[in-house]
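I have placed the structure first, in the form of structure tokens, so that the comments after it can refer back to it.
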Amino acid sequence: MIYETRVYRCLPGRLPALLKRFDTITLKLWEKHGIRQAGFFTTLVGESNQELTYLLAWESLAEREKKWTAFQSDPEWIEARAKTEADGQIVGNIVNQLLVPTSFSSVK
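First residue of the sequence shown? That's 1 in the UniProt record's numbering, and the numbers climb one at a time after it.
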């Protein structure tokens, strides 16, 4: 397995809009495209409480490329993203990493 960690750093005050978009739109589209989430987290203590961190689980880099590309180019996602950003941009910065579990990881 390959895990992807993504950190969305929201513009001030925009985290609730991002959380709503994931809860009501994004997760349904991910299900449509076979994208598996492994957890979502907000920052309790850290540099900023305007961050959403989540993990995705992939069988391979090829699976990620195929499914993520299909999601990103889905007209339903493009339209929904535009509508949810009608009041302004939500995310200021996204940081992602692709991770491989170690032999001693409890997550494989």
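Cβ coordinates follow ideal geometry from the N, Cα and C atoms, glycine included.
Cβ neighbour criterion (16 or more within 10 Å) applied to residue i
i, result
"Q50", "buried"
"R61", "Note on identity: in this sequence residue 61 is Leu, with Arg being the wrong assignment. It counts as exposed."
"T24", "exposed"
"L15", "buried"
Element boundaries [alpha helix (DSSP H), containing residue i]
i, result
"F71", "61 to 72"
"residue 109", "In this structure the chain extends from 1 to 108, so residue 109 is not present and cannot be described."
"K32", "27 to 33"
Chain-order list of residues whose beta-carbon lies under 6 Å from that of residue i (same chain, five-residue window excluded)
i, result
"G39", "L55"
"P43", "Per the sequence shown, residue 43 should be read as Thr rather than Pro. Correct list, in chain order: N49, E51."
"G34", "K67"
"G92", "R9, L11"
Residue i - partner residues in DSSP beta bridges
i, result
"T5", "L55, Q97"
"F22", "According to DSSP, which records beta bridges pairwise, F22 is partnered with nothing at all."
Of the listed residues the options, nearest to residue i (C-alpha basis)
i, options, result
"L19", "G46, T53, E47", "T53"
"T5", "F22, T26, I94", "I94"
"W30", "P101, Q89, T69", "T69"
Segment limits, beta strand (DSSP E) that includes residue i
i, result
"F40", "36 to 42"
Residues of its chain near residue i, where Cβ-Cβ distance is below 7 Å and the 5 sequence neighbours each way are ignored
i, result
"R36", "L56, A57"
Sequence-distant residues of its chain with Cβ nearer than 8 Å to residue i (five each side left out)
i, result
"E59", "M1, I2"
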